[in-house]
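Chemist:
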Amino acid sequence: MNVINESGTLALSTRLQRLSEQLRKDGALVYKEFGINFEPKWFPVIFTLHHKNTLSVVEIANEIGYTHPSTISLLKELEKQQMIISKKDKTDERKRLIELSPKGIELIEKMKPAWEIISKVLEEIADNENHLLKAINEAEEKIAKQSFLQRVVELKSSQ
Numbered sequence: 053m054n055v056i057n058e059s060g061t062l063a064l065s066t067r068l069q070r071l072s073e074q075l076r077k078d079g080a081l082v083y084k085e086f087g088i089n090f091e092p093k094w095f096p097v098i099f100t101l102h103h104k105n106t107l108s109v110v111e112i113a114n115e116i117g118y119t120h121p122s123t124i125s126l127l128k129e130l131e132k133q134q135m136i137i138s139k140k141d142k143t144d145e146r147k148r149l150i151e152l153s154p155k156g157i158e159l160i161e162k163m164k165p166a167w168e169i170i171s172k173v174l175e176e177i178a179d180n181e182n183h184l185l186k187a188i189n190e191a192e193e194k195i196a197k198q199s200f201l202q203r204v205v206e207l208k209s210s211q
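No gaps in the numbering here: position 14 of the sequence shown is 66 in the numbering used here, and each next residue is one more.
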């Protein structure tokens, strides 16, 4: 066991990042296995637009839980790849509306068989003694009620 694993919850963020990076790296290879040129980091935007059709930049950021700048960065990449199109909102010229392009819609159809297999494999990985997804949901709910920082500041001030 390495020092990060031995440190327990102190290295929780590091362990989650490590797991995330491994899944993303393998995810990219899975898409290649299916002959699909796709970066896993694009998934939240593509999947959201697949289900929600047309959204503003702010709505996409809220849906995927990313910051506005991170969302814009992903959108720029997807626009460069011609996976999405943006247009001005007719009611608010400042607002950009984003939707999948025909190329993006075609990509979704190619990805559906891969998503079925990916979903089954991830269910198998997450279905462990401690129910990974349930644990993640519970942790996210706790953080939504009171952030990590708020908890640290509160505990620090009470000591």
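Ideal Cβ placement from N, Cα and C applies to all residues, glycine included.
CB-CB under 6 Å to GLN134, same chain, minus the five flanking residues each way: which ones, in chain order?
Modeler: Looking up residue 134 in the sequence shown gives position 82. Result list for GLN134: SER153 and LYS155, in chain order.
Chemist: Is the region 131 to 150 in contact with the region 89 to 105, if contact means three or more CB pairs nearer than 8 Å?
Modeler: Flag = yes, the region 131 to 150 and the region 89 to 105 touch.
Chemist: If you count every other CB in all the chains shown that lies within 10 Å of the CB of ALA187, and 16 or more means buried, which is it?
Modeler: For the purposes of this step, residue 187 is taken as the residue at position 135 of the sequence shown. By the neighbour-count rule (16 or more Cβ atoms within 10 Å), ALA187 is not buried but exposed.
Chemist: For the 8 Å Cβ check, are there 3 or more pairs between the region 72 to 83 and the region 117 to 130?
Modeler: In short, these stretches do not touch, since the Cβ pair count stays below three.
Chemist: VAL110 and HIS102: beta carbons closer than 8 Å?
Modeler: For the purposes of this step, residue 110 is taken as residue 58 along the sequence shown, with counting starting at 1. For the purposes of this step, residue 102 is taken as residue 50 along the sequence shown, with counting starting at 1. Not a contact, by the Cβ cut-off of 8 Å.
Chemist: Give me the DSSP bridge partner(s) of LYS140.
Modeler: The residue you call residue 140 lines up with position 88 of the sequence shown. ARG148, per the DSSP bridge assignment.
Chemist: By DSSP's criteria, SER108 is part of a beta bridge. Which residues make up the other side?
Modeler: To locate residue 108, count along the sequence shown from 1; it is residue 56. Paired residues: LEU149.
Chemist: Please report how far the alpha carbon of GLU161 lies from the alpha carbon of ILE116, in whole angstroms.
Modeler: Residue numbering aside, residue 161 sits at position 109 when the sequence shown is read from its first letter. Residue numbering aside, residue 116 sits at position 64 when the sequence shown is read from its first letter. So the alpha carbons of these two residues sit roughly 21 Å apart.
Chemist: Is it buried or exposed for ALA196, if we count other Cβ within 10 angstroms and need 16 for buried?
Modeler: Counted from its first residue, the sequence shown places residue 196 at position 144. Label assigned to ALA196: exposed.
Chemist: Leaving out five residues on either side along the sequence, give the residues of the same chain with a beta carbon under 8 Å from the beta carbon of GLU193.
Modeler: For the purposes of this step, residue 193 is taken as residue 141 along the sequence shown, with counting starting at 1. Nothing meets the Cβ criterion.
Chemist: With a 10 Å radius around its C-beta and 16 neighbouring C-beta atoms as the bar for buried, classify THR123 as buried or exposed.
Modeler: Sequence index remark: in the sequence shown, residue 123 carries index 71 (1-based). Result: buried.
Chemist: Does DSSP put TYR118 in a helix, a strand or coil?
Modeler: Position 66 of the sequence shown, counted from the start, is the residue given in the question as residue 118. Looking at TYR118 - three-state DSSP - the assignment turns out to be coil, as it is neither helix nor strand.
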